[in-house]
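Using the working numbering, the first residue of the sequence shown is number 818, and each one after it goes up by one.
See structure below.
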Amino acid sequence: MQRISHLLTQLELIDQLLQTQMSVERHTGIQKHMNDIATVQHRLSNLEKQSKGIFVRA
Numbered sequence: 818m819q820r821i822s823h824l825l826t827q828l829e830l831i832d833q834l835l836q837t838q839m840s841v842e843r844h845t846g847i848q849k850h851m852n853d854i855a856t857v858q859h860r861l862s863n864l865e866k867q868s869k870g871i872f873v874r875a
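Right under this line is the structure:
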């Protein structure tokens, strides 16, 4: 009986670890998307500045 209890405790710990790992992976994925969005915004801002410079010179 004690062995079963020990195994259940181990399974619960494994379950918690897996849930934590999935949460971290989701957070990492979200962070990557946020970084990608920031990069695109930065590039758009640079293009906007360049296009303003072109129209001023034209």
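Where is the CB? At the ideal position from N, CA and C, for every residue including glycine.
If you run the structure through DSSP and keep just helix, strand and coil, what is residue i?
i: MET851; result: helix
i: MET818; result: coil
Can you give me the C-alpha to C-alpha distance between residue i and residue j, rounded to a whole angstrom?
i: GLY846; j: MET818; result: 42 Å
i: GLN772; j: ARG843; result: Here the chain has residues from 818 to 875 only, and residue 772 is not among them.
i: LEU884; j: MET839; result: Within the shown structure, residues of the chain are numbered from 818 to 875, placing residue 884 beyond reach of any answer.
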